[in-house]
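Just so we're aligned, residue 16 is where the sequence shown starts under the working numbering, counting upward by one.
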Amino acid sequence: MTVWDFIERIFRKKPNKERQTKYEEYSSEYSDIEKPINVTAIFANSLSKKITTESDLDINGDTARSAVIADAMAVVWGKKKKITAQALGKGGVFLVPYVSGGKMFVDSVEQSLVYIDQMRGEDIVSATFCADRLYINNLLYYRLVDYTLENNQQVIRTRVVNQNGSERPLEDFPMWADIEPEIVIGNVEKSLFGFLRCSVDNRRNKDSYGVPITYGCGEMIKEFEDHLKLTAREYKLTAPMLGLDSRMWANKELTKTVQDKDRPFVKTYNAGTDKMWEIYAPEIRGTAMYLRYDALASAIEKAVGTSRGILTDPKTEGATATEIKQAQYDTFCLVSDMREQWEIAVRDLCYAIDVLAEYYGLSPAGGRGSYEIKFSWDYSMYESSAETWQQMSELQSRGGIRLARLNQWVTGQTLEEAQAEIDEVTANEPTLEKVLGISNTV
């Protein structure tokens with residue numbers, strides 16, 4: 016039996032097992048660490064660094080509710096690179112909050128472990144998660160969580176079942192004992208979880224699930240992998256070897272052919288007809304191999320939608336800083352798309368945490384919505400900070416923007432905080448005129 020059989024029996028839903036298997040294949044291909052080279056993992060990890068490095072998430076507010084949300088989101092954002100790589104490599108990751116022991120937690124659940132049952136427009140209104148798996152005494156247990164949103168009521172049902180299909184009560188498991196089997200929360204506008212979906216187009220009308228970053232590139236990747244195998248074989252077979260006359264061997268066992276083994280001798284020779292020794296060292300076709308590699312790798316990058324620099328070396332020789340950044344524009348577009356997906360997922364997740372904190376009394380009642388989300392994304396891969404500073408300074412000197420905008424750009428403060436700092440400095444810090452005793456009056 017599979018987890019989809021359990022969902023069908025327990026929650027009376029009918030997952031399309033063939034479709035779910037496809038998403039499991041995405042996950043398996045990304046997770047494969049035995050392959051000599053995993054192209055999907057290379058793209059996912061490279062892009063996840065560009066998307067998340069030097070980027071911050073702040074939950075602003077001075078209430079107990081905003082503190083609960085900030086604490087939970089700090090844990091999630093601390094794993095932002097890993098979560099992003101998983102979403103890119105597997106197609107999507109759900110972020111599912113729950114309360115245990117009076118504390119908020121957030122599970123990361125890959126989409127292959129989620130059955131989306133019903134959508135309303137772009138919103139998921141019914142879904143079932145295999146939220147956790149646990150081995151006890153050689154038995155595998157699943158924690159299944161079903162979400163249904165109807166008439167502004169969120170119904171959350173939690174069940175535990177083992178690999179044989181037998182249900183067990185939550186209280187039998189210390190880590191899950193205080194999770195309620197069923198709760199109903201009113202006044203809910205959307206399902207209480209977030210979904211970080213890979214931004215790649217799945218080439219269908221509906222986007223209930225995501226697809227991996229290398230979706231549709233299977234044949235190109237296979238050709239690329241075949242070339243890498245050919246290259247490895249080429250280099251191995253062109254390794255220099257020495258052939259000796261059999262009379263030069265003291266050990267008769269070593270007179271056997273040893274090509275493609277670790278011994279340094281390729282074969283023996285017959286006295287009188289062959290030379291006493293010969294060196295086997297054919298020329299390596301390195302240039303041809305590299306040109307083919309570069310062509311295949313570049314084609315994959317174009318198909319994925321990135322600029323050069325993931326599988327290939329970026330072409331920077333003789334280019335200015337501006338030209339280098341412009342050459343990375345395709346990659347930046349993809350990075351920007353995934354950041355938008357992160358903003359959607361974070362807004363939905365914060366909303367879910369807010370609702371659950373109210374329901375479980377993790378902070379005083381009535382605090383719904385008392386928080387503000389602020390993202391600070393890094394744009395150094397596309398923007399030149401020196402050029403931007405020069406442009407903004409020139410604009411400020413001509414009266415085009417306020418000085419507070421410059422302060423905000425450098426410090427990352429809000430515009431109000433930046434202006435307050437300028438006012439404080441103006442009021443308390445001595446100017447050069449004051450230090451020198453120069454009067455501004457005529």
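Just so it is clear, CB atoms sit at the ideal spot from N, CA and C, and this is done for glycine as well.
- Residue 33 and residue 426 have their C-alpha atoms some 52 Å from each other.
- Spatial neighbours of residue 85 in its own chain (CB-CB distance under 7 Å, excluding positions within 5 residues in sequence) are listed in chain order as 74.
- Proximity to residue 189 across 171, 116, 341 peaks at 116, based on C-alpha coordinates.
- Counting only residues of its own chain and dropping the five nearest sequence neighbours on each side, residue 72 has a CB closer than 7 Å to the CB of 88, 92, 361, 390.
- Scanning its chain for C-beta atoms nearer than 7 Å, with the 5 sequence neighbours on each side dropped, one finds around residue 239 the residues 54, 311, 312, 315, in chain order.
- If the five residues before and after residue 368 are omitted, its C-beta is found closer than 8 Å to the C-beta atoms of 83, 84, 87, 88, 112, 119, 121, all from its own chain and listed in chain order.
- DSSP places residue 137 in the coil class of the three-state scheme, outside both helix and strand.
- When only Cα atoms are considered, residue 148 and residue 19 end up about 14 Å apart.
- Residue environment analysis places residue 227 among the buried positions, since at least 16 neighbouring C-beta atoms fall within 10 angstroms of its C-beta.
- The continuous beta strand (DSSP E) containing residue 75 extends over residues 71-75.
- Residue burial is scored here from C-beta neighbours: residue 102 has at least 16 other C-beta atoms within 10 angstroms and is therefore classed as buried.
- Straight across, the Cα-Cα distance linking residue 215 with residue 230 is about 8 Å.
- DSSP, read as helix, strand or coil, puts residue 183 in strand.
- Put simply, of 197, 413, 167, 422 the residue whose alpha carbon is nearest the alpha carbon of residue 175 is 197.
- Residue 41 carries a helical assignment under DSSP once its states are collapsed to helix, strand and coil.
- Taking the Cα of residue 179 as reference, the smallest distance to any Cα among 350, 304, 77, 17 is reached at 17.
- When beta bridges are read from the DSSP output, residue 328 appears opposite no residue.
- Taking the Cβ atoms as the reference, residue 320 lies roughly 11 Å from residue 213, outside the contact range of under 8 Å.
- Fully enclosed alpha helix (DSSP H) runs of no fewer than 4 residues occupy 233-252 of the stretch 217-258, in order along the chain.
- When only Cα atoms are considered, residue 423 and residue 409 end up about 16 Å apart.
- Taking the C-beta atoms as reference points, residue 142 is found nearer than 8 Å to residue 129.
- DSSP places residue 431 inside the alpha helix (DSSP H), whose first and last residues are 430-443.
- When the five nearest sequence neighbours on each side are left out, the beta carbons in the same chain lying within less than 7 Å of the beta carbon of residue 304 are those of 246, 249, in order along the chain.
- Counting only runs that start and end inside the stretch 379-421, the alpha helix (DSSP H) elements of at least 4 residues fall at 400-412.
- Closest by C-alpha distance to residue 155, out of 177, 169, 135, is 177.
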